[in-house]
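Residue numbers (UniProt numbering), protein chains in the order written: chain A, 1 to 814; chain B, 1 to 438.
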């Protein structure tokens with residue numbers, strides 16, 4: 001326990017002003033240490049309390065260490081506890097002094113009273129001083145065999161603590177197998193639970209280096225162990241039940257009888273008052289029945305009521321955690337929840353993070369029967385004070401409209417939004433009306449009448465403005481003043497900074513020109529001139545799609561943070577906590593051992609781009625079609641050609657062998673792709689030969705220097721880092737940490753913005769003698785990187801270069 | 001792994017650490033600074049109770065004037081972590097005697113350290129049952145003078161009982177007078193549209209018990225819920241007595257309730273913990289008796305005047321009465337002057353919440369008092385924003401009334417010594433979120 005960094009300032013009578021009080025305490029403690037007078041314990045208690053209170057408010061009382069230890073020779077358990085607390089707090093910072101305490105802690109571990117034995121053992125294991133581990137083995141071994149459950153319970157976790165301080169000591173002392181036999185035979189359920197916790201951690205960490213451990217890890221999920229735990233299930237307290245349920249959810253049942261046995265046994269857990277137990281049970285049920293579609297549906301029906309109850313009881317935070325899970329389930333099977341939509345109505349005072357989830361669910365469960373009620377309810381939220389929620393509600397109405405239920409009523413609603421005269425509502429509604437018109441052109445008459453009344457001056461948001469302009473162009477024959485409005489907008493071309501709006505403006509003017517040439521001619525000329533001299537680069541925004549694989553991964557990790565963050569765990573947990581074994585298993589043959597979020601995201605983006613390119617290509621062959629794609633009107637081609645030709649002249653298009661056939665029109669999209677930065681194209685190149693790096697590679701500076709001197713340069717490369725990366729690189733440490741996450745370690749670094757120099761090294765996980773050494777010079781102002789690579793094994797240096805480059809390119813991406 | 005919390009912090013509203021406990025070394029000591037700078041000192045505070053900063057996730061909740069923050073570095077089980085915090089706070093409360101706030105923490109820090117050591121080890125929740133913990137915990141909480149004193153000293157060598165079949169109850173309890181108190185507490189949630197139709201309505205209820213019983217008693221509770229009654233009439237092969245039966249949408253029970261027996265026989269039987277606990281929770285959506293109907297008419301007369309008329313009907317029995325009724329009618333921010341006429345209670349304008357607040361201390365059943373108010377507004381030329389009317393909100397408590405109609409049919413106590421017990425049953429219905437749009 002580290003003392004709180006900030007000292008507490010409120011005026012309180014017992015507040016010491018400085019060192020005086022501490023030395024006072026020291027004196028008093030000394031006097032009491034040897035005293036055997038009656039009543040000594042009481043005065044000691046008061047003094048100890050004072051010491052602890054100083055410690056709590058952040059005053060350094062570590063100077064009292066030896067006095068505290070002297071005074072701890074007592075049989076009074078209250079004093080002992082306070083002393084253990086004190087020692088636990090300061091031992092880590094004062095390893096030498098901690099040695100003083102070993103004696104009396106070891107003695108207490110042999111005390112008659114089981115409580116003192118347990119407490120002493122817990123304190124002993126919590127000292128967290130690496131050079132004292134040898135003193136832990138003996139007491140821990142005895143503790144695991146203690147006759148008292150309390151001591152064994154403490155010892156089980158103690159063994160885990162030891163493992164984290166020194167894994168080798170723990171394994172050498174054979175503690176894992178002792179834990180295992182305790183887990184399978186102990187009469188105390190809490191001992192069993194703690195053994196299970198400890199073993200799960202130890203074996204998953206060991207599994208990376210030892211085959212035996214990974215077998216043991218598998219064995220935890222074997223039928224005998226699972227059944228043994230389930231048979232004792234009712235003995236466990238609620239937290240231990242969560243632990244066991246989590247294990248059971250990973251168990252692969254042998255047949256359907258197996259599944260039904262387990263589910264019958266656990267069904268009453270859905271009635272448990274502890275939401276965590278219910279949720280853990282839900283996870284077991286869902287995962288067990290994945291392969292049985294019918295039963296899986298029944299499970300949804302069965303778990304609905306308990307989940308809805310839990311959501312509506314308990315604190316906001318608890319209900320948020322549960323609601324996130326409900327959200328996931330609703331999104332997976334909206335049909336099953338369509339009659340429960342009223343549960344997702346928002347209350348006026350609910351926090352917006354809850355409302356947001358509820359809006360999502362309301363949108364998802366809409367069908368023919370409930371659309372009217374849901375849309376009516378959503379419209380109430382549009383008037384909400386919370387702007388974000390109001391916007392979200394408009395969007396939700398739009399999403400439902402696009403699902404084709406009861407469009408008639410919804411269009412009316414959207415048009416009402418346009419008349420509400422709130423900037424943000426109008427803006428959102430305009431975007432939706434545009435989308436709606438693309439899908440249902442038959443509503444154009446009704447919509448245009450209202451849209452025509454909106455002054456473009458009142459619309460500021462680029463997306464909304466673009467939508468309005470699109471409608472002006474598309475329906476210019478129905479809006480009398482369309483050409484003049486457009487002309488006005490073109491006059492203000494330079495004030496318009498959004499590329500999206502500019503593009504739409506060009507398109508719209510052309511459309512308008514084709515339908516009403518005399519009125520638009522002048523505007524078109526001006527627009528083309530403005531467009532040609534435009535130095536902006538068009539970057540369109542891609543909607544973030546979540547691919548189904550990610551969704552499934554989240555579902556696998558039901559009942560964890562993944563659900564709340566709506567991301568699989570590998571996207572947010574620290575890489576260092578996971579062994580390489582787990583990685584290779586999870587990334588399923590992906591060549592790069594460490595796959596990061598950004599990489600996946602870029603892949604998704606790249607896929608989207610492919611789709612986009614694909615459709616626009618098709619369009620070109622088929623000729624323009626009236627609906628479907630975003631840029632569909634005939635006039636568009638001319639505009640985009642003129643625009644892109646200016647692009648191609650002004651900057652060299654980076655040629656990429658995979659994209660040779662795209663026409664001028666699509667090169668816009670290619671620009672987008674490349675505009676994402678170079679890195680996206682480098683990460684999507686064909687996978688390099690398999691190379692895995694050792695996450696825990698170590699090399700001493702001397703060896704590094706020697707190797708650097710001896711080895712020839714394998715590669716010299718220049719590349720660039722992304723602008724975000726350059727911006728994030730404020731000090732060398734930022735990059736160090738990032739690269740370390742990719743198993744590339746730094747041995748030396750230096751420099752100040754804008755020039756940094758790093759020496760990295762990495763070790764081939766398969767061949768421990770094969771090191772890679774890298775010298776890397778980064779200039780953040782130009783985003784240029786100069787890299788020299790040296791390798792023990794020249795043949796793998798290309799593979800390493802790919803790894804290194806992709807790791808570097810991900811630096812700074814959000 | 002269910003929780004594996006790396007650290008737990010208790011902070012006051014300024015962000016000072018009141019107490020902290022680091023369970024694991026995998027997060028740095030500066031975590032609390034990260035929490036302060038990234039969450040407490042920004043607008044993020046109300047945004048989401050689960051946040052990721054750096055490689056760590058923070059779960060936090062505010063309880064009175066204290067923030068409790070759990071830091072984890074793994075993909076932890078959020079629901080479990082929050083439940084743990086809630087249970088831990090309940091445990092602290094039971095030691096301090098009722099309140100949990102900054103002062104209580106400062107006055108009891110040694111005790112809290114002691115408890116934190118026992119309830120969680122290396123980030124794994126251990127035993128949070130107060131009964132068991134009494135055996136380990138040496139400190140006595142500093143109780144407020146009004147709360148009852150701790151009755152007995154822990155049994156000296158009782159560690160062995162931890163593993164007993166009934167983990168939540170100690171053996172050998174003796175009371176002179178054996179008493180059971182049972183409270184059915186319901187809160188009604190209502191969302192009514194401006195046209196007077198019920199959009200959403202449900203009741204969440206809980207049954208709270210206080211047991212002062214000797215020995216190891218076995219209790220059996222009978223309610224007038226539909227499934228239980230049907231099962232009973234099946235077993236006794238005689239038709240259900242006429243009378244109202246209640247359909248419970250969902251029930252959850254305290255861990256002491258024998259769930260197997262509930263599933264097979266539909267009876268609630270249990271060996272209760274000593275003292276106070278929550279026996280069960282339930283939810284009902286069908287057939288809810290709303291205790292109050294609110295009929296508002298709000299007219300905006302021009303741009304500077306409003307007329308507000310609110311009639312509230314109590315629709316429970318004439319012999320009953322509601323307590324602490326508060327009706328809050330929102331008015332625009334630019335309200336300048338208000339005048340009221342009420343047939344019962346008192347009304348005034350509260351500018352800090354922009355509401356007309358009408359309070360009626362005692363509200364008999366089958367009556368319908370009204371409030372009419374005239375509101376004058378400051379005319380504003382600049383702001384043409386139309387006023388979006390927030391819903392009218394209502395608070396109340398109705399003793400001896402359950403919105404669900406749930407009743408206790410019997411509460412039986414068996415103990416091998418065969419003593420007599422006195423049972424006390426109370427009902428109360430409170431307003432949950434009672435909102436009427438206008």
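Virtual Cβ for every residue (Gly too), placed ideally from N, Cα, C.
Is the Cβ of residue i closer than 7 Å to any Cβ of chain A?
{"i": "residue 270/B", "result": "no"}
{"i": "residue 78/B", "result": "yes"}
{"i": "residue 265/B", "result": "no"}
{"i": "residue 57/B", "result": "yes"}
{"i": "residue 154/B", "result": "Bear in mind that a pLDDT of 37 at residue 154/B, under 50, signals an unreliable position, so the number given afterwards is only what the model happens to contain. Output row for residue 154/B: interface = no."}
7 Å is my cut-off, CB to CB: does residue i come that close to chain B?
{"i": "residue 86/A", "result": "no"}
{"i": "residue 242/A", "result": "yes"}
{"i": "residue 594/A", "result": "Reliability of the predicted coordinates at residue 594/A is poor, the pLDDT of 37 falling under 50, and the value obtained from them is presented with this limitation in mind. Cβ-Cβ to chain B under 7 Å: no for residue 594/A."}
{"i": "residue 203/A", "result": "no"}
{"i": "residue 303/A", "result": "no"}
{"i": "residue 426/A", "result": "no"}
{"i": "residue 743/A", "result": "no"}
For residue i, count neighbouring Cβ atoms within 10 angstroms of its own Cβ and tell me buried if that reaches 16, exposed if not.
{"i": "residue 273/B", "result": "buried"}
{"i": "residue 410/B", "result": "exposed"}
{"i": "residue 16/B", "result": "buried"}
{"i": "residue 346/B", "result": "exposed"}
{"i": "residue 89/A", "result": "buried"}
{"i": "residue 385/A", "result": "exposed"}
{"i": "residue 130/A", "result": "exposed"}
{"i": "residue 554/A", "result": "buried"}
{"i": "residue 495/A", "result": "exposed"}
{"i": "residue 314/A", "result": "buried"}
{"i": "residue 612/A", "result": "Unreliable placement is indicated for residue 612/A, whose pLDDT of 35 sits below 50; the coordinate value is still reported in the next sentence. Classification of residue 612/A: buried, given that the 10 Å Cβ count is 16 or more."}
In terms of DSSP beta bridges, what is residue i paired with?
{"i": "residue 299/B", "result": "307/B"}
{"i": "residue 211/B", "result": "180/B and 275/B"}
{"i": "residue 360/B", "result": "325/B"}
{"i": "residue 373/B", "result": "308/B and 340/B"}
{"i": "residue 424/B", "result": "181/B"}
{"i": "residue 254/B", "result": "According to DSSP, residue 254/B bridges with nothing at all."}
Can you tell me the Cβ-Cβ gap for residue i and residue j, rounded? I've got them flagged as a contact below 8 Å.
{"i": "residue 812/A", "j": "residue 725/A", "result": "3 Å"}
{"i": "residue 105/B", "j": "residue 10/B", "result": "6 Å"}
{"i": "residue 255/B", "j": "residue 272/A", "result": "7 Å"}
{"i": "residue 161/A", "j": "residue 125/A", "result": "4 Å"}
For residue i, collect the residues of the same chain with a Cβ closer than 8 Å to its Cβ; drop the 5 residues on either side in sequence, then sort them by chain order.
{"i": "residue 713/A", "result": "788, 789 and 790"}
{"i": "residue 57/B", "result": "50, 51, 71, 72, 73 and 76"}
Give me, in chain order, the residues of the same chain whose beta-carbon lies closer than 7 Å to that of residue i; leave out the 5 immediate sequence neighbours on both sides.
{"i": "residue 401/B", "result": "291, 316, 320, 427 and 429"}
{"i": "residue 4/B", "result": "72, 74, 76, 123 and 124"}
{"i": "residue 266/A", "result": "281 and 284"}
{"i": "residue 86/A", "result": "51, 52, 55 and 68"}
Short of 6 Å in beta carbon distance, which residues of its chain neighbour residue i, apart from the five on each side in sequence? Order them along the chain.
{"i": "residue 186/A", "result": "192"}
{"i": "residue 340/B", "result": "347 and 373"}
{"i": "residue 498/A", "result": "462"}
{"i": "residue 281/B", "result": "206 and 252"}
{"i": "residue 478/A", "result": "448"}
{"i": "residue 387/A", "result": "424"}
Residue i CB to nearest chain C CB: under 7 Å?
{"i": "residue 436/B", "result": "Reference to chain C is not applicable here, since the protein chains of this structure are A and B."}
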